[in-house]
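Numbering (mature numbering (1 follows the signal peptide of the UniProt record, and there is no 0)), first residue to last: -19 to -1, 1 to 215.
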Amino acid sequence: VLWLLLLLMLNKFWSQIRLEQSPFSVVKKPGETVMISCAVNGFDIDGEYVHWTRQKSGKALEWIGRHSRSSEEYSSSFASRSDLSYDESGITARLSIRSLTEGDAATYFCHCDALDYWGSGTRLTVTSGRMAPVPPALVPMVWFNSASRDKVTLSCLALDFYPESLSFEWSDASGAQLDSVRYPAVGTNNRFTEVSLVQVSRPEANLKSYQCSVTHPGGTKTVNSCSIVYWSVK
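Structure follows, in structure tokens:
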């Protein structure tokens, strides 16, 4: 199942149209407010609706509401404590939920009314308890996409960590940082898994070395490209 999820993430990563959510994961206490952003890239959303939906672990999707630049509509279950808005640029949609409870813990998604494109999700944890942090194990890989033979995708998989809060950083041998895409953590029993992806040209991948570093409350870890396993995606 984990590898199937990773393949689905790769297909979304290779798409030109992206709904980029932030933060990737967030931990809140009961009674607090959360704000989630969704930047729409690759097409004009003027006159279109952005929807917000959430999914609790093992449960069906719940529709929260939808909004365009001129109107908004809410599910009756969320109308009293949710706000839908856009930032000043008009391309970033925002969802705010007030007076959080532990029942609000879920993965929240933005998606478009006109096109079947979804954001990667934001995992919200609502808890008043504390546990000792458990650092992640890192698994690096390289993926070849047959539809884009001049590019390869590097992935860095962080496994079995707690809490969800962590950050990825990619760099090449010179120390230059690379732009990357990451997806929200998934997990059960307070152990989480998350992946970060970066795309580079195939010639550079053969000549250069790369590093994936993860910073987590349990410590910082780095993995080098020399230990990368190669996979082929048809």
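Backbone N, C-alpha and C define an ideal beta-carbon position, used for all residues, glycine too.
Check for me: the alpha helix (DSSP H) holding residue i runs from which residue to which?
i: Leu135; result: Premise fails: Leu135 lies in the beta strand (DSSP E), 132 to 142, not in any alpha helix (DSSP H).
i: Ser185; result: Per the sequence shown, the amino acid found at residue 185 is Glu instead of Ser. That run of the alpha helix (DSSP H) goes 183 to 188.
Under DSSP, the beta strand (DSSP E) around residue i begins and ends at which residues?
i: Asp153; result: 148 to 153
i: Glu1; result: -2 to 3
i: Thr88; result: 87 to 93
i: Arg75; result: 73 to 78
Quick check on residue i: does DSSP put it in helix, strand or coil?
i: Gly200; result: strand
i: Gly110; result: coil
i: Gly168; result: strand
i: Ile209; result: Low confidence applies here, because Ile209 scores a pLDDT of 45, under 50, leaving its location unreliable; read the following figure in that light. Coil.
i: Glu175; result: strand
Less than 8 Å between the CB atoms is what I'm expecting for residue i and residue j, so what's the real figure, rounded?
i: Val31; j: Cys19; result: 6 Å
i: Phe149; j: Cys193; result: 7 Å
i: Cys93; j: Glu29; result: 6 Å
i: Leu138; j: Thr174; result: 7 Å
i: Thr82; j: Val107; result: 6 Å
i: Leu105; j: Val15; result: 6 Å
With a threshold of 16 other CB atoms inside 10 Å of the CB of residue i, please say whether the residue is buried or exposed.
i: Gly102; result: buried
i: Gln158; result: exposed
i: Arg47; result: buried
i: residue 219; result: The shown model of the chain, from -19 to 215, leaves out residue 219, and the question about it has no answer.
i: Arg35; result: buried
i: Leu188; result: exposed
i: Asp85; result: buried
i: Ser6; result: buried
i: Leu76; result: buried
i: Leu42; result: exposed
i: Pro184; result: exposed
i: Ser177; result: buried
i: Thr169; result: exposed
i: Thr203; result: exposed
i: Thr201; result: exposed
i: Ala74; result: buried
Checklist entry - At which residue ranges does the segment 8 to 66 contain complete beta strand (DSSP E) runs of 3 or more residues, listed in the order of the chain? => result Whole beta strand (DSSP E) segments, 3+ residues: 15 to 22, 31 to 36, 42 to 48, 53 to 55.
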